[in-house]
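Which chain is which? The protein sequence lines are P and Y, in order.
If you're matching positions, the first sequence starts at 60 in my numbering and goes up one per residue.
If you're matching positions, the second sequence starts at 60 in my numbering and goes up one per residue.
2 protein chains.
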Amino acid sequence: MKENLDNLLPASEEGFYPIRTVSEVTGVNAITLRAWERRYGLFKPERTPKGHRLYSQQDILRIQQVLQLLEKGVSIGRVSNALKNETELEDLADITMQSNSGKTLNKNSHNKNNDNELTKQFKEAPSEDQWKTYSEKLLDAVNSYDLEQLERLHHEIFSLYPLEIISRSLLRPVLTDLRNQAEQLQSLSGNYHFYWQFLQQRIGGLFLKSTLQNRGKKILLMAYGDSKANVELMLFGLPLLTHGYRVVVLGSDIPFDAIPMTLSRAGSDALIIYSAAPVSQASPESDQGGSTQTTEMMVSIKAVADSLKMPVFIAGEHSEAESKELDETNLVQLTDSAIEQLKVIDATLSKE
Amino acid sequence: MKENLDNLLPASEEGFYPIRTVSEVTGVNAITLRAWERRYGLFKPERTPKGHRLYSQQDILRIQQVLQLLEKGVSIGRVSNALKNETELEDLADITMQSNSGKTLNKNSHNKNNDNELTKQFKEAPSEDQWKTYSEKLLDAVNSYDLEQLERLHHEIFSLYPLEIISRSLLRPVLTDLRNQAEQLQSLSGNYHFYWQFLQQRIGGLFLKSTLQNRGKKILLMAYGDSKANVELMLFGLPLLTHGYRVVVLGSDIPFDAIPMTLSRAGSDALIIYSAAPVSQASPESDQGGSTQTTEMMVSIKAVADSLKMPVFIAGEHSEAESKELDETNLVQLTDSAIEQLKVIDATLSKE
DNA sequence: ATCATGTTGTACAGATATTGTATAAGGAAG
DNA sequence: CTTCCTTATACAATATCTGTACAACATGAT
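Below, the structure written as structure tokens:
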């Protein structure tokens, strides 16, 4: 799974970069780089037949980690140990990730003890206030518009924890934080947009790639309401991706009239309609209008669901509000929990 | 000169180019080209019966890929391996972007005719009604919601032609087509959104990756008006990416008040404000209101540009409309042509 | 405080590699 | 005949390699 989802960044696993390039990129003198290697063995770049060093992208990443530690005040001599610790952690995480991906395969195919596995996977969330630390780091990176750092952090996080948890425990809260910040202090709204765009690009790529690689059933994902909901929509859809479904994001501006045609063409197995958090309630014009609009929406959704021959799920904020009205055959309501969502979806779709 | 043209044109029709042409187009000294071929086997152009080299379009592409890698910092001796690696990875993350990076080399070698190079490169667009064929194929794929086919097509196109040309000659027209289609027949709007999302994810990933790898100056890219402008914005920004700039997309909803703060934090070298095509004029409420709003916008932009200490470019539809008002020190207007845009931006930023 | 020792970035020197370009001698194109 | 292209060899300017050394500074013991 790590391999699959994560190599958005590592353009070249092998070493291609000569020392001058690495020196330029990292800002570390070439002489110093050699000294570090010789003295502390911080990295072991490949060599050409004639002995010239060939650094890989990962080597560069390591060097940047070293620099981060240096900034923190760790002396270069100790960095070696610190790094060892971290890589041990990573290796552990790799193992858990792999077991996860193993589950992924099971999911769509035959699998009885869904419950245990799923639950276990989520309970094993190796998180505490660690998320706080990450959250702060992310906000720092956003604050200084440091794209490299942002990528580095996400790279690390994505390779350490399951996407489901990251989405819920870190990315969504951080994004919400930034949005609130932006609403309070308009001059900071650049931060929100910066991170929003980053996530859009980062996770968007992930989506495309995973959906192309996955073999599971095809789920269409759309939102209504906030047109800025794209990223939220994708964050919501991440768990589906990691469980093997092919998820096609359709965004938030599709008129309901177009849905039947779209679905029949797309050959999908299910539709999920997601309502973003009502946030700033978008248009400040109508407060009650909003609610009537919502119920109107619900009526439309029902109609659509009725006319379709496939399961339709709804998720997001509305679900609680009008939960009782929903008892259609193929209109299923999703709770807020990713575990539950997956259980319900798996169950419903395996009936087909 | 005549002779040159005569030589150039018939040759280009057949798709074979003598070495001098290739040298001019790519900016690589003919001697060097031969050396690369001999020493590293980077390409093996056809030969005339008497042994003269005949480069195909593909060969030129190869060379441009090489240049791309050189710009990334790979040493020429390793490019061969890097290329092998890249072609092995039929990986979304490894979309090879070809296009000139002659600038780098030009600085090393002495080269006068920058102008010619750029112009020629664009004129040589290996396109005719070939774009029509592609366009139809794309529309077919969208129509049947065939993500795999869509990806296959883009992969092929992206690896065959320079992104600048693809963006202008294919992607933008197709997207516009779909939008018009959607406006006329609402039930087809799913198609538009499907392709929109695809491009968002596909090109978004490209953006992130390239911006992380590029070393050039940092350009912030924002739009105003249509909030669906993200994809258009990115399509507009593609040429910048392929020319080594780091391009940070900020989207379309940033209030002007937030710009100064954002720019000072982001440490960018320039700002580009892009106005999407007025399309369906978004809100059908105010027609005249729209224009006053636009001029208001212009005033704001001017104010912002004045207060900033970096070049501010504006591009898109408005530029023609109010072109005459713009004579600020650091507010530069971009024409519709990617060549011109790049020339102007390069020139302005190299002054800094 | 003093002296010894360790750390760390950088410098130097001599050898080898890399890489763009130059030259020479001859064939090909027009 | 002149210009371009071919190959092969050569060359010069950098880059990089290794190993040793040094200077600035920190640590620690006497």
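Ideal Cβ placement from N, Cα and C applies to all residues, glycine included.
Remember, predicted model here, so these are calculated numbers, not experimental data.
**Item:** Assumed close pair Y:I331, Y:T321 - CB separation to whole angstroms, cut-off 8 angstroms
**Value:** Start at 1 with the first residue of the second sequence, and residue 331 of chain Y comes out as number 272. Start at 1 with the first residue of the second sequence, and residue 321 of chain Y comes out as number 262. Contact flag wrong, Cβ pair sits at about 13 angstroms.
**Prompt:** Taking the continuous beta strand (DSSP E) assigned at P:S334, which residues delimit it?
**Reply:** Numbered from 1 along the first sequence, position 275 holds the residue referred to as residue 334 of chain P. From DSSP, the beta strand (DSSP E) with P:S334 extends over 329-334.
**Residue from P:S409, P:A374, P:K402 with nearest C-alpha to P:L393** = As a working mapping, residue 393 of chain P is identified with position 334 in the first sequence. Per the Cα distances, P:A374.
**Asked** For the region 80-100 of chain Y, which residues have a CB atom closer than 9 angstroms to at least one CB atom of chain P, in sequence order?
**Response** none
**Request:** Taking the CB atoms as reference points, tell me whether P:L126 and P:A141 lie closer together than 9 angstroms.
**Result:** Here residue 126 of chain P corresponds to residue number 67 of the first sequence, with the count starting at 1. Here residue 141 of chain P corresponds to residue number 82 of the first sequence, with the count starting at 1. No, the pair does not count as a contact, with Cβ atoms beyond the cut-off.
**Asked** Where do the N-terminal and C-terminal ends of the beta strand (DSSP E) with Y:F372 fall, by residue?
**Response** As a first step, residue 372 of chain Y must be located in the second sequence, where it is residue number 313. Where Y:F372 is concerned, the enclosing beta strand (DSSP E) stretches over 371-375.
**Asked** Since P:T270 and P:V307 are thought to touch, with beta carbons under 8 angstroms apart, how far apart are those beta carbons, to the nearest angstrom?
**Response** Looking up residue 270 of chain P in the first sequence gives position 211. Looking up residue 307 of chain P in the first sequence gives position 248. With a Cβ gap of about 7 angstroms, P:T270 and P:V307 count as contacting.
**Request:** With DSSP collapsed to three states, give me the class of P:G100.
**Result:** The residue you call residue 100 of chain P lines up with position 41 of the first sequence. Coil.
**Coarse secondary structure for Y:A317, derived from DSSP in three states** = Taking the second sequence and counting its residues from 1, the one referred to as residue 317 of chain Y is at position 258. DSSP places Y:A317 in helix when its eight states are reduced to three.
**Message:** Residues of chain Y with CB closer than 9 angstroms to the CB of P:Y76, please, in chain order.
**Reply:** Locating residue 76 of chain P in the first sequence gives position 17, where the first residue counts as 1. The answer, in chain order, is K131, G132, V133, S134, R137.
**Message:** Quick test of your reading: P:G310 and Y:Q256, contact by CB under 8 angstroms. State the CB separation rounded to the nearest angstrom.
**Reply:** Counting from 1 along the first sequence, the entry for residue 310 of chain P is found at position 251. Counting from 1 along the second sequence, the entry for residue 256 of chain Y is found at position 197. Indeed, because the Cβ distance is near 6 angstroms, the residues count as touching under 8 angstroms.
**Message:** Run through the DSSP bridge pairs and tell me what Y:R305 is partnered with.
**Reply:** Against the second sequence, residue 305 of chain Y aligns to sequence position 246. Paired residue(s): Y:K277.
**Message:** Quick check on DSSP: helix, strand or coil for Y:R282?
**Reply:** Counted from its first residue, the second sequence places residue 282 of chain Y at position 223. In the sequence under discussion, the amino acid at residue 282 of chain Y is Ala, which differs from the Arg named in the question. Looking at Y:A282 - three-state DSSP - the assignment turns out to be strand.
**Asked** Got a sec: which bits of the region 100-117 of chain P sit with their beta carbon under 9 angstroms from any beta carbon on chain Y, in order along the chain?
**Response** T107, H111, L113
**Prompt:** Nearest to P:S115 by CA position, among P:L267, P:A335, P:V133, P:R79, is which residue?
**Reply:** Within the first sequence, residue 115 of chain P is the residue found at index 56, counting from 1. Checked all of P:L267, P:A335, P:V133, P:R79; the closest Cα to P:S115 is P:R79.
**Message:** When you compare the CB positions of P:R231 and P:N273, do they come within less than 9 angstroms of one another, or not?
**Reply:** Position 172 of the first sequence, counted from the first residue, corresponds to residue 231 of chain P. Position 214 of the first sequence, counted from the first residue, corresponds to residue 273 of chain P. No, these two residues do not count as a Cβ contact at 9 angstroms.
**Message:** I'd like to know if P:K276 contacts chain Y, where contact means its C-beta is closer than 9 angstroms to some C-beta of that chain.
**Reply:** For the purposes of this step, residue 276 of chain P is identified with residue 217 of the first sequence, where counting begins at 1. Taking Cβ atoms only, chain Y never reaches closer than 9 angstroms to P:K276, which makes this a no.
**Message:** If I measure Cβ to Cβ from Y:S366 and keep anything under 7 angstroms in the same chain, skipping five residues before and after, which residues do I get?
**Reply:** Counting from one through the second sequence, the residue named residue 366 of chain Y turns up at place 307. Only P319 meet the Cβ criterion.
**Request:** Pull up the DSSP beta-bridge partners for Y:S115, would you.
**Result:** Reading the second sequence from its first residue, position 56 is the one you call residue 115 of chain Y. Beta-bridge pairing links Y:S115 to Y:F75.
**Prompt:** Between Y:P104 and the rest of its own chain, which residues show a CB-CB distance below 6 angstroms, the 5 nearest in sequence each way excluded?
**Reply:** Taking the second sequence and counting its residues from 1, one reaches residue 104 of chain Y at position 45. Around Y:P104: R112, L113, Y114, D118.
**Message:** If you reduce the DSSP assignment to three classes, tell me which class P:H169 lands in.
**Reply:** In the first sequence, residue 169 of chain P corresponds to position 110, counting from 1. A caution first: P:H169 carries a pLDDT of 33, below 50, which makes its placement in the model unreliable, though a value can still be read off. Here P:H169 sits in coil by DSSP.
**Prompt:** Counting pairs of Cβ atoms below 8 angstroms between the region 399-409 of chain P and the region 76-92 of chain Y, do you hit three or more?
**Reply:** no
**Asked** Taking the alpha-carbon positions, what's the Y:K171 to Y:S82 distance?
**Response** Locating residue 171 of chain Y in the second sequence gives position 112, counting from the first residue. Locating residue 82 of chain Y in the second sequence gives position 23, counting from the first residue. Here Y:K171 scores only 32 on pLDDT, less than 50, and its place in the model should not be relied on; the value that follows carries that caveat. Cα to Cα, Y:K171 sits roughly 13 angstroms from Y:S82.
**Request:** Measuring only between beta-carbons, confirm whether Y:K415 sits less than 9 angstroms from chain P.
**Result:** Absent from the model: residue 415 of chain Y. The displayed extent of chain Y is 60 to 411, so no value can be given.
**Proximity test, Cβ basis, 9 angstroms: Y:L206 and chain P** = Numbered from 1 along the second sequence, position 147 holds the residue referred to as residue 206 of chain Y. At least one chain P Cβ lies under 9 angstroms of Y:L206.
**Item:** beta strand (DSSP E) segment containing P:V391, residue limits
**Value:** The residue you call residue 391 of chain P lines up with position 332 of the first sequence. Where P:V391 is concerned, the enclosing beta strand (DSSP E) stretches over 390-392.
**Message:** Using only CA atoms, which one of Y:G136, Y:Q245, Y:S396 lies nearest to Y:R294?
**Reply:** As a working mapping, residue 294 of chain Y is identified with position 235 in the second sequence. The amino acid at residue 294 of chain Y is misidentified as Arg; the sequence shows Leu. When only C-alpha atoms are compared, the closest one is Y:S396.
**Prompt:** Roughly how many whole angstroms lie between the Cα atoms of Y:T107 and P:L222?
**Reply:** Position 48 of the second sequence, counted from the first residue, corresponds to residue 107 of chain Y. Position 163 of the first sequence, counted from the first residue, corresponds to residue 222 of chain P. Each residue's Cα considered, the two are about 56 angstroms apart.
**Extent of the continuous alpha helix (DSSP H) run through P:Q245** = Counted from its first residue, the first sequence places residue 245 of chain P at position 186. Looking at the DSSP string, P:Q245 is not in any alpha helix (DSSP H), and its letter there is neither H nor E.
**Prompt:** With respect to the alpha helix (DSSP H) encompassing Y:A200, which residues constitute its N-terminal and C-terminal limits?
**Reply:** As a position in the second sequence, residue 200 of chain Y is number 141, starting the count at 1. Start and end: 189-202.
**Item:** Supposed close pair P:V201, P:L237 - CB separation, criterion 8 angstroms
**Value:** On the first sequence, residue 201 of chain P is found 142 positions in, with the first residue counted as 1. On the first sequence, residue 237 of chain P is found 178 positions in, with the first residue counted as 1. Confirmed, about 7 angstroms.
**Asked** Taking the alpha helix (DSSP H) that P:E226 falls in, what are its first and last residues?
**Response** As a working mapping, residue 226 of chain P is identified with position 167 in the first sequence. Correcting the residue type first, residue 226 of chain P is Ser in the shown sequence and not Glu. Segment: none, P:S226 is in no alpha helix (DSSP H) and carries neither H nor E.
**Asked** Do you know how far the Cα of Y:K131 is from the Cα of P:A94?
**Response** Within the first sequence, the letter at position 35 stands for residue 94 of chain P. Within the second sequence, the letter at position 72 stands for residue 131 of chain Y. Straight-line Cα distance between these residues: approximately 25 angstroms.
**Request:** Measuring alpha carbon to alpha carbon, tell me which of P:K361, P:P370, P:T235, P:A329 ends up nearest P:E291.
**Result:** Looking up residue 291 of chain P in the first sequence gives position 232. Residue P:T235 is the option with its Cα nearest to P:E291.
**Closest by C-alpha distance to P:Y251, when choosing among P:I224, P:S203, P:T407** = Position 192 of the first sequence, counted from the first residue, corresponds to residue 251 of chain P. For the residues P:I224, P:S203, P:T407, the minimum Cα distance to P:Y251 belongs to P:S203.
**Asked** When you check each C-beta in the region 220-245 of chain P against every C-beta of chain Y, which residues fall closer than 7 angstroms?
**Response** Q245
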